[in-house]
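Colleague: One structure, as structure tokens, below. Some questions next.
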Amino acid sequence: MNSAIDYIENNLDGSVSVTEAAKEAFCSSFHFQRMFFAIIGVTPAEYIRRRRLTLAASELAVGNTKVIDVAMKYGYDSPNAFTRAFRNVHGISPREARNSGVKLSAYDRIFFRVEIRGGNEMDYKIIEKPAFEIIGKCKHFTNENFFKEAPAFWKKYVTTEEYQALWSLTNGKWGQVAEAPLMSVYVPDEVGSRDSFKDILGVEKPAKTKAGKFKVLKVPAATYAEFNCSYHTAVKMHKYIYGEWFPSTNYERDESKPDIAAYFPVAFLPTRGMGVRWWIPVINK
1 MNSAIDYIEN
11 NLDGSVSVTE
21 AAKEAFCSSF
31 HFQRMFFAII
41 GVTPAEYIRR
51 RRLTLAASEL
61 AVGNTKVIDV
71 AMKYGYDSPN
81 AFTRAFRNVH
91 GISPREARNS
101 GVKLSAYDRI
111 FFRVEIRGGN
121 EMDYKIIEKP
131 AFEIIGKCKH
141 FTNENFFKEA
151 PAFWKKYVTT
161 EEYQALWSLT
171 NGKWGQVAEA
181 PLMSVYVPDE
191 VGSRDSFKDI
201 LGVEKPAKTK
211 AGKFKVLKVP
221 AATYAEFNCS
231 YHTAVKMHKY
241 IYGEWFPSTN
251 YERDESKPDI
261 AAYFPVAFLP
271 TRGMGVRWWI
281 PVINK
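If you count by this note's numbering, then the sequence shown holds residues 1 to 285, one letter each, in order.
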């Protein structure tokens with residue numbers, strides 16, 4: 001991970017590829033971005049943006065370089081785009097950064113280190129799941145926009161007639177293989193440098209059911225680490241899995257398989273109280 005940061009830092013004034021950074025960390029782009037966010041709290045793209053704007057502010061404050069040249073150096077094609085981004089971080093325009101005594105924000109370079117954190121226990125199971133098919137709604141997200149856009153999108157979707165039609169395929173019954181009434185399957189979709197993935201909300205496909213307007217995906221057989229939590233704590237649990245559990249165990253993620261969140265609604269309880277089981281595909285190191 002430190003090699004990945006070295007690569008990013010050495011290329012802030014040029015082209016930075018998250019895929020290349022992931023190669024430095026010896027993992028897929030999908031896994032790298034999940035691990036990065038779990039540990040640091042921002043996506044790699046957001047880290048790159050903040051670091052570039054930190055360096056840009058330093059150059060403007062102490063030098064005579066033209067604003068347009070600084071903007072181009074740090075990846076902005078137009079002065080307007082650079083000014084908007086600069087103002088969002090520093091609260092002032094690039095030209096104002098030249099004034100004496102102005103306050104500028106600095107986002108420091110990160111370093112990864114091994115840290116022993118007091119023996120917290122977290123229960124998990126290692127389970128085997130045969131292959132099965134999921135049928136449902138498919139939406140593409142990037143790792144950069146997922147945490148901003150996905151919750152609102154799915155919250156709105158579950159109020160639609162299309163979702164009711166999806167739910168009626170099984171009427172809430174558990175699938176025979178997945179043993180869950182509802183699931184989200186996150187499938188890496190390596191497309192250029194956008195690092196997008198498919199987020200499929202659906203149910204285990206009943207036999208002889210036609211896809212119709214829904215997406216059908218075959219989920220391969222896999223070994224999973226299973227973690228139990230609530231819908232309210234699901235994101236926190238996911239960060240724990242990638243940020244602490246993986247580094248402290250003898251497992252690594254099976255890059256060829258998707259992460260799955262299985263949902264278990266409870267009658268008369270709000271959504272935040274719904275049970276969630278994370279199924280994270282693993283192999284021995």
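Glycine residues also receive a C-beta, built at the ideal position from the N, C-alpha and C atoms.
Per DSSP, residue 230 forms a beta bridge with which residues?
Modeller: In the DSSP output, where bridge partners are listed per residue, residue 230 has 275.
Colleague: Using CA coordinates, which residue listed in 63, 111, 23 and 216 is at the minimum distance from residue 100?
Modeller: Of the candidates 63, 111, 23 and 216, the one whose C-alpha sits nearest the C-alpha of residue 100 is 63.
Colleague: Could you check what DSSP says for residue 109 in three-state terms: helix, strand or coil?
Modeller: Note: residue 109 maps to coil in three-state DSSP.
Colleague: When DSSP labels each residue in this structure, what does residue 39 get in the three-state scheme?
Modeller: Note: residue 39 maps to helix in three-state DSSP.
Colleague: Use the C-beta contact count for residue 90: other C-beta atoms within 10 angstroms, 16 or more gives buried, fewer gives exposed.
Modeller: Residue 90 is buried by the Cβ-count criterion.
Colleague: How about residue 51 and residue 92: are their beta carbons less than 9 Å apart?
Modeller: Against a cut-off of 9 Å, the Cβ pair of residue 92 and residue 51 comes out as no contact.
Colleague: In whole angstroms, give me the CA-to-CA distance for residue 243 and residue 39.
Modeller: Computed Cα separation, rounded: 5 Å.
Colleague: With residue 253 as the anchor, note down where its alpha helix (DSSP H) starts and where it stops.
Modeller: It is not in any alpha helix (DSSP H) - residue 253 instead sits in the beta strand (DSSP E) that spans 251 to 253.
Colleague: Only counting the same chain, and skipping five residues up and downstream in sequence, which positions put a Cβ closer than 7 Å to that of residue 128?
Modeller: So the qualifying residues of the chain are 223.
Colleague: Use the C-beta contact count for residue 269: other C-beta atoms within 10 angstroms, 16 or more gives buried, fewer gives exposed.
Modeller: With fewer than 16 other Cβ atoms within 10 Å, it is exposed.
Colleague: Among 263, 280, 279 and 278, which has the Cα closest to the Cα of residue 272?
Modeller: Nearest C-alpha to residue 272: 263.
Colleague: Could you check whether residue 203 and residue 182 sit closer than 9 Å to each other, using their CB atoms as the reference points?
Modeller: Against a cut-off of 9 Å, the Cβ pair of residue 203 and residue 182 comes out as a contact.
Colleague: Within the region 124 to 151, note down every full alpha helix (DSSP H) run reaching 4 residues or more, in order along the chain.
Modeller: Whole alpha helix (DSSP H) segments, 4+ residues: zero.
Colleague: Using 8 Å as the threshold, is the region 158 to 174 in touch with the region 127 to 144, meaning 3 or more CB pairs across them?
Modeller: A contact exists between the region 158 to 174 and the region 127 to 144.
Colleague: Go to residue 81, then tell me how far its alpha helix (DSSP H) extends in each direction, as first and last residue.
Modeller: Here the alpha helix (DSSP H) through residue 81 covers 79 to 90.
Colleague: Could you give the distance in angstroms between the alpha-carbon of residue 13 and the alpha-carbon of residue 34?
Modeller: If you take the alpha carbons of residue 13 and residue 34, they lie about 25 Å apart.
Colleague: Since residue 58 contacts residue 24 with CB under 8 Å, what's their CB separation in whole angstroms?
Modeller: Between residue 24 and residue 58 the Cβ distance is about 25 Å, and since that is not below 8 Å, they are no contact.
Colleague: Under 6 Å Cβ to Cβ from residue 54, same chain only, skipping five residues before and after it: list those, please.
Modeller: So the qualifying residues of the chain are 106 and 107.
Colleague: Going by DSSP, what residue range makes up the beta strand (DSSP E) through residue 60?
Modeller: Careful: residue 60 lies outside any beta strand (DSSP E), inside the alpha helix (DSSP H) at 44 to 62.
Colleague: Have a look at residue 245 and residue 161 and give me their C-alpha separation to the nearest angstrom.
Modeller: Rounded to whole angstroms, residue 245 to residue 161 spans 39 Å at the Cα level.
Colleague: Find the nearest neighbour of residue 266 within the set 230, 240 and 282, judged by alpha-carbon distance.
Modeller: The candidate whose alpha carbon is nearest that of residue 266 is 230.
Colleague: Starting from residue 260, trace the beta strand (DSSP E) both ways and give me its first and last residue.
Modeller: Its beta strand (DSSP E) spans residues 259 to 264.
Colleague: Can you round the beta-carbon distance between residue 85 and residue 49 to whole angstroms, since I take them to be within the 8 Å contact cut?
Modeller: Contact holds; Cβ gap of about 7 Å.
Colleague: Helix, strand or coil: how does DSSP classify residue 183 here?
Modeller: Three-state result, residue 183: strand.
Colleague: Roughly how far, in whole angstroms, is the beta-carbon of residue 82 from the beta-carbon of residue 71, given that I think they are within contact range, below 8 Å?
Modeller: Residue 82 to residue 71, Cβ: 4 Å. Contact.
Colleague: Measuring alpha carbon to alpha carbon, tell me which of 60, 235 and 123 ends up nearest residue 249.
Modeller: Residue 123 is the option with its Cα nearest to residue 249.
Colleague: Counting only the same chain and skipping the five closest in sequence on each side, list residues whose C-beta sits under 6 Å from that of residue 1.
Modeller: Once the five neighbours on either side are set aside, the close Cβ partners of residue 1 are 25 and 112.
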